[in-house]
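Residue numbers (full-length UniProt numbering): 1 to 697.
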Amino acid sequence: STASSASFSSELRREGNELFQAGRYEEALAVYARALGLCAPEERAEKGLLHRNRAACALKLEDYAQAERDASEALKVDGGDVKSLFRRSQALQQLGRPEQAILDLQRCISLEPRNKAFQEALRNLGSSMQEKMRNMSCTDSKVEQMFKLLLDNEEKDLDKKQKAAQNLIVLAREEAGAEKIFQNDGVRLLLQLLDTGRLDMMLAALRTLTGLCQGHRSRTMAILTELGPERLLAVLEMEAEQVCLATYNLLQVVFDALKEGLQKEELSKKDNALVPGLKDILEVGGTVSQSPEGLQVTENTHMTVAVLLNKLYGDLKCDAERENFHRLCEDYVRSWFQDHGVPGQLRAIQTVSCLLQGPAEAGNRVLELSGVMEGMLALCASSKEVEQLVAVEALIHAADKAKRATFITTNGVTLLKEIYKHSPRDTIRIRALVGLCKLGSAGGTDFSMKQFAEGSTLKLARQCRKWLCNEAMDRGTRHWAVEGLAFLTLDADVKEELLEDKAALQALFHLARSENQSSLFAVASTLVNCTNSYDHEEPDPQMVELAKYAKQHIPEKHPKDKPEFVHRRVKKLLGAGMVSALTCMMKKETAALSPACRELISRVFLAAVEDPEDRGAVVAAGGGKALIPLALEGTDAGQTKAAQALAKIAITTAPEMAFPGERVSMEGGAVLPRECMNRYRSGGKVTVLHAVMALAT
């Protein structure tokens with residue numbers, strides 16, 4: 001009945017009050033939530049009290065957004081509730097909205113003019129705002145001075161200029177600083193820096209623009225209008241790799257800032273907005289390296305475009321939007337493949353290759369178009385190096401699915417072997433080798449599923465290691481050697497030989513630290529394979545017996561993938577400097593690390609801290625701090641693995657050593673970085689709860 005539910009709700013509220021007084025704020029919050037669930041619609045006064053009490057709990061837990069919401073709900077019931085007004089003012093102040101906080105405090109004083117707590121709070125907030133205004137005025141002056149110094153051609157002190165550029169970048173990463181730069185004619189001045197053509201000035205301008213666009217749609221729109229497509233394309237065509245990477249990073253931030261606005265549009269409107277944007281990205285992705293026509297691209301361009309395409313596809317919210325994306329990609333590839341001869345086929349196949357590295361579902365759909373696979377095989381036999389390069393690379397990416405792997409094994413293995421053995425160009429041979437590596441590893445970790453003759457995978461891996469260690473070869477060729485190892489290290493014999501080759505390990509880690517960002521995923525995949533940190537389930541014995549009876553295939557684990565072998569491999573990798581390489585990978589430009597790559601790194605870290613004796617070495621090499629961003633962003637599985645690794649470190653290492661320079665919090669016995677805890681408390685995906693569970697294992 002209504003009366004009994006009201007009585008029970010009041011009783012729960014009193015229980016919550018007792019928990020609050022005892023300092024058990026989270027338990028009190030849960031009790032208040034239960035009480036709210038029992039309140040009937042007409043019990044407005046009781047609901048108001050419960051929301052007011054929840055606001056007090058949220059303030060204690062430093063969840064200021066929730067405190068503001070609950071206090072506002074209480075004020076909907078009673079606009080003169082001074083406690084709710086005061087609590088909302090406290091939350092608003094912490095959320096950086098002091099003007100609104102002052103309005104609430106003034107209302108409190110008008111209701112209780114003699115309340116000294118309200119008067120003191122208003123005085124403090126007024127003083128704080130005055131200080132902030134002084135700081136803002138000072139910031140205005142600093143922004144003006146920084147631009148003046150950077151644009152002064154007569155200033156010869158490079159150290160001063162570099163410091164000014166760095167300060168500008170740091171200032172743009174904070175909302176208040178970004179707004180000040182924007183209001184002080186900053187975009188026009190940044191474009192002047194960009195037009196200087198000087199590498200250091202251009203990087204400062206691009207990175208500052210990235211900070212201005214971060215999470216701010218209206219500023220992003222204004223910046224895009226000022227920047228213009230011609231200037232952006234001119235920057236993308238530059239040969240300076242750092243400038244190109246910074247530009248790609250800016251583009252990704254721009255997409256993130258604009259996506260919320262796109263999601264609010266109807267599909268028809270979004271289609272019109274997406275067509276030019278997607279076509280432009282596909283134009284860059286389909287540009288063939290070494291081509292005399294079109295845009296100039298670097299060795300990282302196609303991987304960066306693949307990440308952008310994957311990001312754009314991942315942000316689509318329904319089947320209709322995804323179908324539209326597929327249609328646009330198919331139309332683009334079909335238009336080039338059918339009407340422009342061999343150059344058009346080459347651009348179409350390069351676009352397919354880019355899609356397969358990004359939104360693989362879109363790439364797989366495009367591969368089903370008539371003649372695409374056959375065109376790849378035909379171009380593999382071309383006498384022109386650039387055509388062979390593009391076709392063999394696309395063939396490698398196309399071999400992911402069993403159906404196409406079978407097609408290629410039947411129709412293309414002999415061709416790949418011929419190219420590998422007889423091509424005079426190492427750039428072609430290495431790609432053909434990787435194609436063979438991929439087909440040879442199609443059985444995965446199943447020891448019984450050998451695609452090639454016994455010992456063939458070891459021979460392929462030795463050749464990959466030989467090329468990897470050859471410093472005379474260009475970085476692109478060495479990158480493909482790592483790609484080959486990423487496939488072949490599914491074989492435990494290959495893992496064991498690689499771990500005995502110190503020169504190959506150092507070459508692998510050197511690539512992880514280098515600017516060649518397209519190698520990062522391959523390096524991370526190789527380390528996941530060597531540490532056996534991929535997902536694998538032990539087969540149910542009853543199902544195995546049933547499969548034997550039915551004469552079905554039963555997967556077999558390689559004898560050298562037993563725990564004792566894996567444990568030794570992890571020790572060797574740690575001794576060779578694996579953690580240092582992983583932390584360097586985490587310091588790359590944001591655009592370089594896809595969510596999938598971040599997940600692989602998280603898996604390797606979790607394997608590295610499995611043994612308590614190894615955790616000190618991981619922390620000493622910077623592993624603790626590197627894991628924090630992995631736990632806050634990426635795939636669900638990646639965040640879970642990173643959070644579990646953080647928790648394992650936390651139970652054996654003092655927090656100030658494990659996470660130097662980070663503020664830490666405690667939750668259910670786990671001491672972890674506060675940023676992780678706050679994300680968990682606010683209901684995000686971050687799996688601090690999983691981390692706490694890991695403590696018990």
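Glycine included, each C-beta is placed from N, C-alpha and C at the ideal position.
- [ ] Answer with buried or exposed for Asn-272, where buried requires no fewer than 16 other C-beta atoms within 10 angstroms of its C-beta.
- [x] With a pLDDT of 41 at Asn-272, under the threshold of 50, the modelled position of that residue is not reliable, and no figure is offered here.
TODO: Ignore the nearest five residues each way along the sequence and tell me which others in Phe-20's own chain have a CB closer than 6 Å to its CB.
DONE: Ala-28
Open item on the list: Spatial neighbours of Leu-395 within its chain, please: C-beta separation below 6 Å, excluding the five flanking residues on both sides.
Closed with: Met-376 and Gly-435
Open item on the list: Checking 7 Å against the spacing of the C-beta atoms, do Arg-513 and Cys-584 come in under that value?
Closed with: yes
Open item on the list: Between the alpha carbons of Met-373 and Ala-524, how many angstroms are there, rounded?
Closed with: In this structure, the straight-line span from the alpha carbon of Met-373 to that of Ala-524 is close to 29 Å.
Task: Contacting residues, own chain, Cβ-Cβ under 6 Å from Leu-416 (five flanking each side not counted) - done: Ala-432, Gly-435 and Leu-436
Task: Environment of Met-57 [buried if 16+ CB atoms lie within 10 Å] - done: The amino acid occupying residue 57 in the given sequence is Cys; Met does not appear at that position. Under this definition Cys-57 is a buried residue.
Task: Helix, strand or coil at Arg-327 according to DSSP, with G and I counted as helix - done: helix
TODO: Tell me where the alpha helix (DSSP H) around Pro-229 begins and ends.
DONE: 229-236
Task: Reference Pro-359; option with closest CA among Thr-298, Ser-423, Gly-285 and His-422 - done: The residue with the shortest Cα to Cα distance from Pro-359 is Gly-285.
Open item on the list: Using 7 Å as the threshold, is the C-beta distance between Ala-642 and Leu-627 below it?
Closed with: yes
Open item on the list: Taking 8 Å as the cut-off, does the stretch 301-314 touch the stretch 334-341 (at least 3 CB pairs, one atom from each stretch)?
Closed with: Flag = no, the stretch 334-341 and the stretch 301-314 do not touch.
TODO: Write down the C-beta distance between Arg-88 and Asp-104 rounded to the nearest angstrom, noting that I regard them as a contact closer than 8 Å.
DONE: 5 Å
Open item on the list: Assuming the contact rule is C-beta atoms closer than 8 Å, Trp-480 and Ile-430 should be a hit. Round their C-beta distance to whole Å, please.
Closed with: About 4 Å separates the beta carbon of Trp-480 from that of Ile-430, a gap short enough to meet the 8 Å contact definition.
TODO: With a 10 Å radius around its C-beta and 16 neighbouring C-beta atoms as the bar for buried, classify Asn-124 as buried or exposed.
DONE: exposed
Task: Segment limits, alpha helix (DSSP H) that includes Met-202 - done: 199-213
TODO: Run the CB neighbour count on Lys-226, radius 10 Å, all protein chains shown included, and call it buried at 16 or more, exposed below.
DONE: A small fix is needed here, since residue 226 is Glu in this sequence, not Lys. It counts as exposed.
Open item on the list: Do Gly-211 and Ala-176 have their beta-carbon atoms positioned less than 7 Å apart in this structure?
Closed with: no
Open item on the list: By the three-class DSSP mapping on this structure, what secondary structure does Thr-489 have?
Closed with: In the structure shown, Thr-489 sits in coil (DSSP, three-state: anything other than H, G, I, E or B).
TODO: Can you tell me the Cβ-Cβ gap for Val-618 and Val-566, rounded? I've got them flagged as a contact below 8 Å.
DONE: That pair is no contact at about 17 Å.
TODO: Report the option in Asp-501, Leu-233, His-51 and Ile-601 whose CA atom is closest to the CA atom of Gly-624.
DONE: Ile-601
- [ ] Under 6 Å Cβ to Cβ from Arg-107, same chain only, skipping five residues before and after it: list those, please.
- [x] Leu-85
Open item on the list: Assuming Ile-354 is part of the alpha helix (DSSP H), what are its boundary residues?
Closed with: Residue 354 is actually Cys in this sequence, not Ile. Where Cys-354 is concerned, the enclosing alpha helix (DSSP H) stretches over 341-357.
- [ ] Quick one: which unbroken alpha helix (DSSP H) runs of 4-plus residues sit fully inside the stretch 9-89? Chain order, please.
- [x] DSSP runs (the alpha helix (DSSP H)) wholly in the stretch 9-89: 25-38, 44-60 and 64-77.
- [ ] Using the Cα positions of Arg-322 and Leu-95, report the straight-line distance between them to the nearest angstrom.
- [x] 36 Å
- [ ] Might you give, ordered along the chain, the residues of its own chain that have their beta carbon closer than 8 Å to the beta carbon of Arg-34, omitting 5 neighbours on each side?
- [x] For Arg-34, where only same-chain residues beyond five positions count, the Cβ hits under 8 Å are Leu-12.
- [ ] Look up Leu-191 in the DSSP assignment and say whether it is helix, strand or coil.
- [x] In the structure shown, Leu-191 sits in a helix (DSSP, three-state: H, G or I).
- [ ] Classify Thr-457 as buried or exposed, calling it buried when 16 or more other Cβ atoms lie within 10 Å of its own Cβ.
- [x] Answer is buried; the Cβ neighbour count reaches 16.
Task: Spatial distance of Arg-569 from Leu-488 (CA atoms) - done: Their backbone Cα atoms lie some 16 Å apart in a straight line.
Task: 7 Å CB neighbourhood of Lys-83 in its chain, flanking five on each side removed - done: Arg-52
Open item on the list: Out of Pro-629, Arg-603, Met-586 and Gln-100, which one is the CA nearest neighbour of Leu-527?
Closed with: Arg-603
Open item on the list: Considering only heavy atoms of the ligand HEM, does any lie closer than 6 Å to the CB of Ser-353?
Closed with: In terms of ligand content, the structure shown is empty, and the ligand HEM therefore cannot be addressed.
Task: Same chain only: Cβ atoms within 8 Å of Glu-26, ignoring 5 sequence neighbours per side - done: Excluding positions up to five away in sequence, the list reads Cys-57 and Leu-61.
TODO: Could you give the DSSP three-state label for Thr-287: helix, strand or coil?
DONE: coil
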